[in-house]
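To start, the structure under review is shown below, and the notes come after it.
Residue numbers (my numbering): 286 to 419.
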């Protein structure tokens with residue numbers, strides 16, 4: 286008797302805790318200042334600030350994120366390029382590692398954020414989130 290061929294063993298991907306639709310953008314100065322007073326983790330390509338929102342703080346989304354680069358990073362073109370790279374890294378990394386009810390601020394670094402290989406940028410963000418929550 287021949288047995289039917291076995292299906293290959295494929296490990297299903299664990300579902301992401303959040304989707305990108307659950308992530309909002311911080312726009313108010315007071316939100317950035319509140320994050321600056323909370324937890325922070327410096328990495329070679331960025332600084333990550335994170336804070337848990339209070340229960341009474343309204344928010345339309347589970348997670349909020351802000352991006353900033355000072356003039357030390359360079360001219361407007363360099364700052365915008367660094368922020369675009371931070372946004373894309375956050376889009377790929379945050380849904381799996383961010384926690385609902387938290388605000389995150391990603392701060393670009395001079396000469397590094399725009400030049401660092403993208404895979405290292407993503408791993409820096411993942412490591413920073415692990416340290417902030419660990």
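The beta carbon of each residue, even a glycine, is placed where N, CA and C say it ideally should be.
Residue 327: member of the beta strand (DSSP E) spanning 324-327, first to last residue.
Looking at 312, 361 and 306, the one whose alpha-carbon comes closest to that of residue 347 is 306. Shortest Cα-Cα distance from residue 337 to any of 349, 328, 326 and 327 involves 349.
Annotation for residue 376: 305 place their beta carbon closer than 7 Å to its own, counting only its chain and skipping 5 residues before and after. For the 8 Å CB-CB criterion, residue 403 and residue 370 form a contact.
Bounds of the alpha helix (DSSP H) holding residue 377 are 361-382.
Pairing residue 335 with residue 410, the inter-Cα distance amounts to about 12 Å.
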